[in-house]
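To start, the structure itself, in structure tokens.
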Amino acid sequence: MPQLQPMKNTDYPLGYWQKVTLSIWLIALVILPFADIEIVNFDPFLELSLMTQGLMAPDFFATEYLFQAIIQTVNFAIIGVCLGLILGAPLALIYQHPIVSGCCSFLRAIHEIFWALLFLQVFGLSPMTGILAIAIPFAATFARVFHDIINQSSDRPLESIDSRADIISRYTYGKIAQVLPQLMAYTRYRFECALRSSAVLGFIGMPTLGFYMETAFKQGNYNEGAALLMIFVAIIGTIRYWCPPKLLGVYLVIACVTLVEIPAVDSSLLVRFISQDILPPAFANAASFAEVQWYSLYTWFSDIITGQAIPGAIATITLALLALAATHFITLNAHALASKHLCPVPLTWLGQLMLLIGRCVPEYILAFIFLMLLGPSMLPAIIALAIHNGCVIAYLAVRQNNAIAPQQMQISKFNQFNYHIMPSIYPNIMALMFYRFEIIVRETAVFGILGIMTLGFYIDSSFSEIRYSNALVLITCTALLNVVIDIFSRRLLKLPQTSLASC
Amino acid sequence: MITIDNLNLHYDKTSSYNTGKNIGKKKASTQVIFDLSLTINEGEKVAIIGPSGAGKSSLLHHLYGSLQGRAALCSQRQGLVDNLSIYHNVFMGALARHHWLYNLINLIKPFKQNLNDITALCQQLELDQPLEKKVDKLSGGQRQRVALARALYQQQEIFIGDEPFSALDPLMTSRLLETVLAQHNSVIMVMHDRELAMTAFDRVIALDKGRLVLDSKQQSINLQQITQLFQTSAVA
Amino acid sequence: MNTLIKLIALCALTISLLVSSNASATTFTFTAIPDEDESQLRTRFEKVALYLEQKLGVKVKYVPVKSYSAAVTAFRNNQVQLAWFGGLSGVQARRLVPGSQAIAQGYEDQFFKSYFIAHHSTNLTMTDSFPDINQKTFTFGSKGSTSGRLMPQYYIEQYLQKKPQQAFKRVGFSGDHSRTIAQVQSGVYQVGAVNYKVWETALARGKIDTNKVSVIWETPAYPDYQWTIRAGVDTEFGKGFADKVQAVLLNMNDPELLNSFPRSSFVNATNKDFEPVLTVAKKIGLID
Numbered sequence: 017m018p019q020l021q022p023m024k025n026t027d028y029p030l031g032y033w034q035k036v037t038l039s040i041w042l043i044a045l046v047i048l049p050f051a052d053i054e055i056v057n058f059d060p061f062l063e064l065s066l067m068t069q070g071l072m073a074p075d076f077f078a079t080e081y082l083f084q085a086i087i088q089t090v091n092f093a094i095i096g097v098c099l100g101l102i103l104g105a106p107l108a109l110i111y112q113h114p115i116v117s118g119c120c121s122f123l124r125a126i127h128e129i130f131w132a133l134l135f136l137q138v139f140g141l142s143p144m145t146g147i148l149a150i151a152i153p154f155a156a157t158f159a160r161v162f163h164d165i166i167n168q169s170s171d172r173p174l175e176s177i178d179s180r181a182d183i184i185s186r187y188t189y190g191k192i193a194q195v196l197p198q199l200m201a202y203t204r205y206r207f208e209c210a211l212r213s214s215a216v217l218g219f220i221g222m223p224t225l226g227f228y229m230e231t232a233f234k235q236g237n238y239n240e241g242a243a244l245l246m247i248f249v250a251i252i253g254t255i256r257y258w259c260p261p262k263l264l265g266v267y268l269v270i271a272c273v274t275l276v277e278i279p280a281v282d283s284s285l286l287v288r289f290i291s292q293d294i295l296p297p298a299f300a301n302a303a304s305f306a307e308v309q310w311y312s313l314y315t316w317f318s319d320i321i322t323g324q325a326i327p328g329a330i331a332t333i334t335l336a337l338l339a340l341a342a343t344h345f346i347t348l349n350a351h352a353l354a355s356k357h358l359c360p361v362p363l364t365w366l367g368q369l370m371l372l373i374g375r376c377v378p379e380y381i382l383a384f385i386f387l388m389l390l391g392p393s394m395l396p397a398i399i400a401l402a403i404h405n406g407c408v409i410a411y412l413a414v415r416q417n418n419a420i421a422p423q424q425m426q427i428s429k430f431n432q433f434n435y436h437i438m439p440s441i442y443p444n445i446m447a448l449m450f451y452r453f454e455i456i457v458r459e460t461a462v463f464g465i466l467g468i469m470t471l472g473f474y475i476d477s478s479f480s481e482i483r484y485s486n487a488l489v490l491i492t493c494t495a496l497l498n499v500v501i502d503i504f505s506r507r508l509l510k511l512p513q514t515s516l517a518s519c
Numbered sequence: 002m003i004t005i006d007n008l009n010l011h012y013d014k015t016s017s018y019n020t021g022k023n024i025g026k027k028k029a030s031t032q033v034i035f036d037l038s039l040t041i042n043e044g045e046k047v048a049i050i051g052p053s054g055a056g057k058s059s060l061l062h063h064l065y066g067s068l069q070g071r072a073a074l075c076s077q078r079q080g081l082v083d084n085l086s087i088y089h090n091v092f093m094g095a096l097a098r099h100h101w102l103y104n105l106i107n108l109i110k111p112f113k114q115n116l117n118d119i120t121a122l123c124q125q126l127e128l129d130q131p132l133e134k135k136v137d138k139l140s141g142g143q144r145q146r147v148a149l150a151r152a153l154y155q156q157q158e159i160f161i162g163d164e165p166f167s168a169l170d171p172l173m174t175s176r177l178l179e180t181v182l183a184q185h186n187s188v189i190m191v192m193h194d195r196e197l198a199m200t201a202f203d204r205v206i207a208l209d210k211g212r213l214v215l216d217s218k219q220q221s222i223n224l225q226q227i228t229q230l231f232q233t234s235a236v237a
Numbered sequence: 169m170n171t172l173i174k175l176i177a178l179c180a181l182t183i184s185l186l187v188s189s190n191a192s193a194t195t196f197t198f199t200a201i202p203d204e205d206e207s208q209l210r211t212r213f214e215k216v217a218l219y220l221e222q223k224l225g226v227k228v229k230y231v232p233v234k235s236y237s238a239a240v241t242a243f244r245n246n247q248v249q250l251a252w253f254g255g256l257s258g259v260q261a262r263r264l265v266p267g268s269q270a271i272a273q274g275y276e277d278q279f280f281k282s283y284f285i286a287h288h289s290t291n292l293t294m295t296d297s298f299p300d301i302n303q304k305t306f307t308f309g310s311k312g313s314t315s316g317r318l319m320p321q322y323y324i325e326q327y328l329q330k331k332p333q334q335a336f337k338r339v340g341f342s343g344d345h346s347r348t349i350a351q352v353q354s355g356v357y358q359v360g361a362v363n364y365k366v367w368e369t370a371l372a373r374g375k376i377d378t379n380k381v382s383v384i385w386e387t388p389a390y391p392d393y394q395w396t397i398r399a400g401v402d403t404e405f406g407k408g409f410a411d412k413v414q415a416v417l418l419n420m421n422d423p424e425l426l427n428s429f430p431r432s433s434f435v436n437a438t439n440k441d442f443e444p445v446l447t448v449a450k451k452i453g454l455i456d
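Protein sequence lines correspond, in order, to chains A, B and C.
Quick note on the working numbering: the first sequence kicks off at 17 and runs consecutively.
Quick note on the working numbering: the second sequence kicks off at 2 and runs consecutively.
Quick note on the working numbering: the third sequence kicks off at 169 and runs consecutively.
Structure below.
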């Protein structure tokens, strides 16, 4: 028998997305030893059984003014989204300007809760606080995504339009009309997000579902909490039945009418907030500019940076990177489960329901539940972020991949899924994931309120100690961190613009 | 009306436009028009013919660019907006005649006057489709007529067309060509059909490999010459 | 660029329209966060509002809030004129609105205390001296709470001579007294600090498994919850209004109303009673 020639070393270089995937997991593995993911819990079963009991017997009548809370949740979301559209859509047209995009990414980087905490000082517990807290970050998001979507439209219709026509007419007919369906679809998706944000604002006192949800979970009234969660999931799951785009205008009018009354705004509060509250103590205490103690200003600032901002930022980034890897894991599994290309149809319904629940339950509540089960490390936050974001991405990916026609080949569903569906959808999933990374960083803030030492923890502390100037410095740090991450990840990955449209 | 002198055009790979400016500077671009000189007078109806890749479209877009504001373009690429109805696509021709607010309102609720005008125009172009139909639901020939209607609706004195009838049958082509010629003072059109170009236009120019090879104004040309031109080009 | 300027101008205009001058408060508004059982807040406290309305002869409204800091903000912004504050939040509020007065406190609040509770696995038991909780995991209640945070932290710093972050292996803020009990009971944290009244009530209701969690130390007494009335109510609602409110609160003896707080009765209080709280808050750096 002739000796077989040893095969030449066949080189098969890693593909782009393989490299990206590998590096996500590599980074996660490298920082894992430094992260605090210890499981410390001796008796999780007592709390677990209480939660299960609550889930089994939800009490829909335990919440006072439940109907009002539902109405206000929807109202804040509708008005917030509309205001966000009014502010954000024009910005999309000038988004290429670096100042505009910089400002937008700064505004986006601040979590709704912190916007609300800031506005709380000026407007008090007024609906204005909630609406603006939704509208401002949403406007910035609309500006960016609308800009991306409009950029994808073709320039050809513009060629044939008379150049003497004014720019508004040319732009609406030649560019925006092309992508109107995408813009509408995205707005609808954001409406879902706004409902979530609106509920989350309840955690800090807005009269939405979150107000009662937080109380119920905090006090261990799991029957009430489970009922509120179910109501909330049902509201989001049925958006398309109760809020078709045509009725949005009608709903907006209803929302404005049924909104809780807006107390008159005291302009002196705004003046005080700007001229006093947010000034560093060295300025606020000094009678004149000459009396400012520059040294105390310096120590104040450096204490915040070294004592809070830097440790907070490190924890934030660690948490976000680990959550990114975990999100990747959850996305792939959840996506497979709900894909009609892999699973039989009845099973995909179950998968869809899971995705719905996963993306509706606020991360705060998820983290809260896991905190009781796993102990107070970063682990509950990682799991909560991964479940929430994984389900959002998987939901969007399933929507895309159900549109792919199955290949006319005699291969098993499993092979078809791996060789046809996954390769076509994977770049989109990854692009969505990196888009969500910005959101993950933002959302780590919420866990600060739960006691995980991210930047959000220190911001929350500053607010509860009534040190608004500290809070403002830390919020600015958070926003800058996000802007840097945004620039960095875009540069590093040169993300394909095309797939962002659907997220 | 327009005179071009020693024109050199480059096809830039990064953009869809032909640029006449950065001659010889960009390495990624290939030259499509070489030292072309041409004068077109007011009132002339000019047909441009030539094998594919001869630089006809590039020349046409250059002419359109130089005649900005006076000419209506019916491009080969059509540039229809798929999400809009026939009505709105045709109305795009009239954007310059109205205030932007008028145009925006018209996008939501079409004005009666425009509806009547566009209905008449579509009838003229034998486009018997409901005006509210989205253009992505139309056939190739129907789409071409929507693009043609939009160019006509601009009501300019000069019409620039890049094979605007390529998807239509010969009989309809000659009927519509008649309409176009009748409604415009000057017409510059890239034609696919050589015989029709010879019979219906005052002047025929032929391009080959980016150079002007025949001009009926300078010399009398016949169909044979043209056929020969296309054959040699096909061999090469 | 021109478009940008126009946009900014438009936004500024909108905001200036929204921000109309001075707020008026014709109704007397109050807020309260009870230290235990925050469910059904509005239903319970609207009864208190009704009581005050009948006795005071002005329109009274209750505003539910989520946290002590939100209550302080509302008080400072004149969105509430009367508030049932914790010891610390009361001190903060009165510092921010000079001239505001503490007018009543719960009977129990004159000698309030916190319990340190521990999971059975720590093998810590009730002692009179400060327990050895070095390098354990520890949870406070809410960040702005007097009984769940301020006083426990003060005693920790007194006895251990370290900041909690250095003294313990892990420090948490459960956000709520009931949560603190649940977390220590399930072993999420080894030790916690809790409002004694919340502990006693939970114990009486059988919600605590004493085999798993028990009290290991109690703090010395300190003043806690109190009613604080805003400076300037006399000009807004008539001379002597603050005194009238005080009298009405002290005379509140309907058990149903008192149970909302929950206190057995209200007794007289002055700003001076809460000076120990202010001193402690300054010592641990919560107030500059």
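Built from N, CA and C at the ideal position, the CB exists for glycine as well.
Computed from a predicted model, the values in this text were never measured in an experiment.
Inter-residue spacing [alpha-carbon to alpha-carbon] between residue i and residue j
i	j	result
residue 359(C)	residue 277(A)	44 Å
residue 38(A)	residue 343(A)	14 Å
residue 218(B)	residue 69(B)	25 Å
residue 374(A)	residue 448(A)	17 Å
residue 383(A)	residue 227(A)	17 Å
residue 247(A)	residue 271(A)	19 Å
residue 226(B)	residue 43(B)	27 Å
residue 247(C)	residue 305(A)	32 Å
residue 149(B)	residue 215(A)	53 Å
residue 35(A)	residue 446(A)	12 Å
residue 520(A)	residue 365(A)	Absent from the structure is residue 520(A), since the part of chain A shown begins at 17 and ends at 519.
residue 78(A)	residue 234(A)	15 Å
residue 419(C)	residue 430(C)	15 Å
For residue i, the residue or residues it bridges with in DSSP
i	result
residue 363(C)	282(C)
residue 329(C)	Bridge partners of residue 329(C): none, in fact.
residue 229(C)	197(C)
Presumed contact (8 Å Cβ cut-off) between residue i and residue j, rounded CB distance
i	j	result
residue 256(C)	residue 399(C)	At roughly 19 Å, the Cβ-Cβ gap does not stay under 8 Å, so residue 256(C) and residue 399(C) are not in contact.
residue 406(A)	residue 347(A)	4 Å
residue 501(A)	residue 454(A)	7 Å
Ranges of the alpha helix (DSSP H) found wholly within the region 40 to 87 of chain B, counting only runs of at least 4: 57 to 67
Contact set between the region 90 to 101 of chain B and chain A, restricted to residues whose Cβ is under 9 Å from the partner: 90, 92, 93, 94, 95, 96, 97, 98, 99, 100 and 101
Extract the residue ranges of the beta strand (DSSP E) inside the region 394 to 428 of chain C, only unbroken runs of 3 or more that lie entirely within it. 394 to 397
Note down, one range per segment and in chain order, each alpha helix (DSSP H) of at least 4 residues found wholly within the region 39 to 114 of chain A. 60 to 72 and 82 to 109
Note down, one range per segment and in chain order, each beta strand (DSSP E) of at least 3 residues found wholly within the region 144 to 192 of chain B. 159 to 163 and 187 to 191
Determine which residues of the region 338 to 372 of chain C have a Cβ less than 8 Å from any Cβ of chain A, and write them out in chain order. 338, 340, 341, 342, 343, 344, 346, 347, 350, 351, 353, 354, 355, 356 and 357
Counting only Cβ-Cβ distances shorter than 9 Å, please list the residues of the region 139 to 160 of chain B near chain A, keeping chain order. 148, 151, 152, 155 and 157
Runs of alpha helix (DSSP H) wholly within the region 287 to 360 of chain A (minimum 4 residues, chain order): 297 to 301, 310 to 320 and 326 to 354
Any C-beta of chain B within less than 9 Å: which residues of the region 195 to 228 of chain A qualify? 195, 196 and 197
Pull out every residue of the region 72 to 91 of chain B whose Cβ sits closer than 8 Å to any Cβ of chain A, in chain order. 73, 74, 75, 76, 78, 79, 80, 81, 82, 83, 84, 85 and 89
Curious, which full-length beta strand (DSSP E) runs of at least 3 residues does the region 192 to 229 of chain B contain? 204 to 209 and 212 to 216
In the region 364 to 430 of chain A, which residue ranges form an unbroken beta strand (DSSP E) of at least 3 residues, counting only runs that do not cross its ends? none
Contiguous beta strand (DSSP E) assignments of at least 3 residues, all confined to the region 215 to 247 of chain A: none
For the region 427 to 456 of chain A, which segments carrying the alpha helix (DSSP H) assignment without a break, of at least 4 residues, lie completely within its bounds, in sequence order? 429 to 432
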